[in-house]
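In this note's numbering, each residue carries its 1-based index in the sequence shown increased by 201.
These notes concern the structure reproduced below.
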Amino acid sequence: MPKVIDNKPLSDFIWQMRIEVPHLVSKARAGQFVILRVNDTGERVPMSIAGLDREKGLLTVIYQVVGKTSALMTGVPDSGEISDCVGPLGLASHVDNWGTACVVGGGIGIAPIYPIAQAYKEGGNKLHTIIGARSKDLLFYEEEHRAVADQVHVCTDDGSYGHHGFVSDVLKKLLDDGEKIGMVMAIGPVPMMRVVANLTRDYNVPTWVSLNPLMVDGTGMCGGCRVSVGNETKFACVDGPDFDGHKVDFDLLTSRLSAYRPQERKVMKKLLEDPNCRLSKAVKAFKYPDE
Ligand code: FES
């Protein structure tokens with residue numbers, strides 16, 4: 202079973218786990234993902250790759266507590282184990298030299314955009330990185346991004362740090378100021394990716410987005426991760442996760458992502474109400490935004 206080297210909170214509900222999977226790490230490339238299970242009866246959850254330490258064979262994933270499985274993940278101790286970790290899955294991000302490129306990470310998307318930023322930089326691009334979160338306490342990896350990009354632009358929705366506003370405001374300003382951006386890559390909440398794609402369409406800047414539909418097998422067999430891109434059905438796990446943002450049907454993606462929300466809430470509630478639940482106080486205080 203894969204060993205968890207360490208598992209720590211970056212804020213109350215955003216955690217970083219490093220897993221020893223040398224075989225997987227030796228093959229993985231930026232943009233790919235893994236599927237892991239916390240325990241033998243647990244669901245299979247897709248996780249973006251946030252970091253690869255090839256020397257030590259360590260995979261880094263960053264996850265946000267949004268339901269039962271992510272809550273259970275916070276309970277895995279340092280030097281503990283998870284049931285399995287399969288991958289690398291999906292296609293690696295396309296990397297080229299576009300002159301100037303821009304990566305945009307919103308919320309938990311700040312993590313998977315990081316290895317892609319590294320790959321774009323290694324591809325010889327001048328790189329703008331825009332990262333944003335609802336508030337300062339939900340931001341992370343700023344220093345890591347600063348070590349890679351030529352310019353890092355930080356925003357918060359509430360103005361508690363950096364630019365007061367959205368990642369798309371900063372991107373619009375760069376484009377309006379005449380920065381010749383040859384490629385944009387955006388990862389984050391669906392509404393954010395949709396806004397970025399709508400913006401860059403107007404400026405004729407090619408844009409990739411990394412899609413995060415529900416997945417089961419991760420190998421193209423179950424159809425769970427079906428998305429529509431340019432009116433064609435694609436499976437995010439084998440045809441993606443990166444797709445042309447200007448062609449993605451974001452309405453379909455949004456509705457499919459919420460298909461099991463009532464069930465997700467029910468099992469999370471049951472977990473948190475269980476008197477034997479041994480998760481941290483902060484995680485036990487989890488509430489959905491509308492509660
Ligand atoms: S997760 Fe089953 S087809 Fe993609």
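A virtual CB, placed ideally from N, CA and C, is assigned to each residue, including glycine.
The secondary-structure analysis by DSSP pairs Cys286 across a beta bridge with Leu237. The shortest CA-to-CA distance from Ile317 to any of Lys485, Thr270, Ala350 is the one to Ala350.
As the crow flies, the alpha-carbon of Thr434 is around 7 Å from that of Arg427.
Every residue with a CB closer than 7 Å to a heavy atom of ligand 1 is listed here in chain order: Met416, Val417, Asp418, Gly419, Thr420, Gly421, Met422, Cys423, Gly424, Gly425, Cys426, Phe436, Ala437, Cys438, Val439.
Spanning the alpha carbons of Pro463 and Ile331 requires a straight line of approximately 33 Å. Each residue's CA atom was taken as its position, placing Gly421 and Arg395 some 25 Å apart. In this structure, DSSP gives Glu433 an extended state, which the three-state scheme calls strand.
Shortest Cα-Cα distance from Ser294 to any of Ala231, Lys337, Val439, Met393 involves Ala231. Annotation: the region 327 to 359 contains the following complete segments of the alpha helix (DSSP H) (minimum length 4 residues), in chain order: 343 to 347.
By the beta-carbon neighbour count (other beta carbons within 10 angstroms, threshold 16), Pro278 is exposed. About 23 Å separates the Cβ atoms of Gly310 and Gly431, ruling out a contact at the 8 Å cut-off. The C-beta distance from Ile283 to Val239 rounds to 5 Å, short enough to fall under 8 Å.
Between Asn413 and the set Leu259, Leu472, Gly379, Ser459, the nearest pair of CA atoms involves Ser459. The beta carbons of Gly291 and Leu480 sit no closer together than 8 Å.
Shown here, Gly276 sits in coil according to DSSP, grouped into three states, outside any helix or strand. Counted as a single uninterrupted DSSP element, the alpha helix (DSSP H) harbouring Ala398 occupies residues 391 to 404.
Residue environment analysis places Asn208 among the buried positions, since at least 16 neighbouring C-beta atoms fall within 10 angstroms of its C-beta.
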